[in-house]
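Heads up: the sequence shown begins at 0 in numbering that gives the first Met the number 0, then just goes up one per residue. Even glycine gets a Cβ: it sits at the ideal position worked out from N, Cα and C. Just so you know, these numbers come straight off a predicted model, no measurement behind them. Take a look at the structure set out below.
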Amino acid sequence: MGQILEEPNYRQLLEKSPESVSIIINGKYVYVNKSAAKLHGLNEPAELIGQEVTRFLPASDLDRVKQIMMGRAKGEEHPLRYEFKLLRPDGSEIVAETQVALIDYGGRVASLSFARDITEKKRFEEQTRSRLEALHRHAANLANMTTVQSAAEYSFEIIEKIMGFNDGAIGLIEEDYLKFIYAKTAPADQLPILPLNGRGITIRAIKTGKPQLVKDTRLDPEYVTGFGTSLSELDVPIKIGDKVVGVINLEDSRLNTFTEEDAKILEILSEHLSSAMINIQSQEKIKFHLEELERSNRDLDEYAYVVSHDLKAPLRTIKSFSTFIMEDYGVKLDETGNDYLKRVNNAATNMDRLIEDLLLLSRVSRKFVDPEEVNLNELLDEIKYDQEGTLHEKDASLIIGKLPTLDLQRIWAKQLFSNFIGNGLKFNRSQHPTVEVSCTEDQEKYTFTVKDNGVGIDEKQIPNLFKIFTRLHTSEEFEGTGAGLAICKKIVEYFGGRIWIESKVGVGSTFFFTVPKRVSKPVR
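Next comes the structure, spelled out in structure tokens:
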């Protein structure tokens, strides 16, 4: 290589090369061309000759590059191409890429380095990486937005981080106008409402449905002053499907501010925003329908309560007078007449039970009861005492496992367990009826189990089991109104849990229901 440098033609090629060329021996520069001097921030090659390479390395890269240079001199294998930072005399740093080869230079082992400045390339790569991260973050976080306004504000925040501009806004179409909902430098409600049949680059983006990139607004005849005089403008439509529903507008006082890449990124952000808008609109519709359903259910509960309450008075009259007639005039009536009166009286009694159950069902929704600390084992002992007569009469057993102490409404907890236990004893033809109550738990909830060895339920009947007044047996087989399990379901939902059943005819039934942990008030 030393001989080549002595050849005028070859030396001239190296001197005029746009790439930095240097020869290093023992860590010092022995030859550099003008491009190498420029790369180091110097004017003349002579300023580098004899200088230690490490002098131009920042502390952050010093050890790494020294290790590569020393290792290569010892014959160790190291990458022939690598990146490093250069510290210039003015204190600035650049990123360079070098390709190194070992050569013979005047009988001595030397390193021949070809290097170039890749600072802009690295900056662009970092900018691209940063923008991609911002886009991913934007898409992920938009999924959590609950209003179009918050989605627009967050989108603009991301746009500001990845693009430089003076002014801008996001607008949505309302009928025949564009109304801005967010702006960078002014309250959105102070911005003009733009007619869609008007002029302007922003309106053109809506009409064409395509991005409008204007690098010099002075050359665009449709430019209309918006936020003041802007020399650059970028407008991207917001679409849901093929329909334009709004626009993202960016403006800047400098020429050539926005690039084709900016337009593509803004299109992606626009797609994210439109997806969020669809999601938000769907959530709002679901919320509206749920609120309507809840209101309708409240109205129905209120109606059921009022009607049931009003029916009790005339029903008491029917029952009382039919009883009086049987007692006072029964001897004067024939067998058919007495039978009719008994039917009226029995019907009134059954109707009274139905009304009581209906009132109880509606009361679960209407009557708010403050939660209290309830020891469920003590509560079940109380229920067992209440059922003592039935247990003795049927030679039945009520087995109670270890149950938790919960904060809930005691009145409804007692009603819930009483209904399950009562059903397990009533719908039971076993010689020794048994009802078992147990509980398991996980991090989120308690799961209660009420198991009996009763008559069981056909699988086909299970889907309708929790509907009001559903009866699976005749009144001659088992008395009741068929409202008990509907009341149980209502109470479990009141606690915020869910209820289900497993059953087999002739074997028995197992009811399951859950109660969320830390229940402090009913779920309405």
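- In terms of Cβ geometry, Thr-513 and Gly-496 form a close pair [threshold 8 Å].
- Within the same chain, and ignoring the five residues on either side of Ala-100 in sequence, the residues whose Cβ sits closer than 6 Å to its Cβ are Leu-111.
- A residue is called buried once 16 or more other Cβ atoms fall within 10 Å of its Cβ, and Asn-418 is buried on that count.
- For Gly-507, the pairing in a beta bridge is given by DSSP as Lys-503.
- Across the set Ala-262, Ala-275, Val-243, Phe-164, the C-alpha of Phe-164 shows the shortest separation from the C-alpha of Ser-252.
- By DSSP's assignment, Ser-252 forms no beta bridge with any residue.
- If you ignore the 5 residues before and after Pro-194, its C-beta comes within less than 7 Å of the C-beta of Asp-175, Tyr-176, all in its own chain and listed in chain order.
- Taking 8 Å as the cut-off, the beta carbon of Pro-370 is found no closer than this to the beta carbon of Lys-444.
- Tyr-222 sits in coil when the DSSP states are folded into three classes, being neither helix nor strand.
- With the rule of 3 Cβ pairs closer than 8 Å, the segment 269-286 does not count as touching the segment 185-194.
- Your pair Val-434 and Asp-451 checks out as a contact, with CB atoms roughly 5 Å apart and the cut at 8 Å.
- The beta carbon of Val-504 sits closer than 6 Å to the beta carbons of Gly-455, Asp-457 from its chain, once the five residues preceding and following it are set aside; these are given in chain order.
- Burial check for Glu-92: the Cβ neighbour count within 10 Å stays below 16, so the residue is exposed.
- Between Pro-236 and Val-223, the gap from beta carbon to beta carbon reaches 8 Å or more.
- If you draw a straight line from the Cα of Asn-345 to the Cα of Ile-279, it comes to about 56 Å.
- Bounds of any beta strand (DSSP E) do not take in Leu-375; it lies within the alpha helix (DSSP H) bounded by 375-385.
- For Asp-241 and Phe-123, the gap between their C-alpha atoms comes out near 33 Å.
- According to DSSP, Cys-438 shares a beta bridge with Phe-447.
- In the three-state DSSP reduction, Gln-282 falls in the helix class (H, G or I).
- The closest CA to that of Ala-262, considering only His-288, Val-244, Glu-232, is found on Glu-232.
- Here DSSP, grouped into helix, strand and coil, assigns Phe-287 to helix.
- Annotation for Phe-416: the continuous alpha helix (DSSP H) segment containing it runs 409-425.
- The DSSP-derived three-state label of Ser-273 is helix.
- Residue nearest to Leu-415 within the set Glu-492, Ile-158, Thr-404, Leu-41 is Glu-492 (criterion: CA-CA distance).
- The alpha carbon of Asn-248 has as its nearest neighbour, out of Pro-210, Thr-258, Leu-254, Ile-267, the alpha carbon of Pro-210.
- Shown here, Ala-114 sits in a strand according to DSSP, grouped into three states.
- Across the structure, Lys-383 and Asn-376 are spaced so that their CA atoms are roughly 10 Å apart.
- The C-alpha of Arg-198 is placed about 18 Å away from the C-alpha of Val-244.
- Following the DSSP letters along the chain, one finds Leu-47 in no alpha helix (DSSP H), marked with neither H nor E.
- Phe-320 sits in a helix when the DSSP states are folded into three classes.
- Boundaries cannot be given for Ile-456, as no beta strand (DSSP E) includes it and DSSP labels it neither H nor E.
- Here the alpha carbon of His-391 sits roughly 16 Å from the alpha carbon of Asn-422.
- Annotation for Ile-486: the continuous alpha helix (DSSP H) segment containing it runs 483-493.
- If you check the CB distance, Leu-424 and Thr-446 do not come in under 8 Å.
- In the DSSP assignment, Ala-36 falls within the alpha helix (DSSP H) that extends over 33-38.
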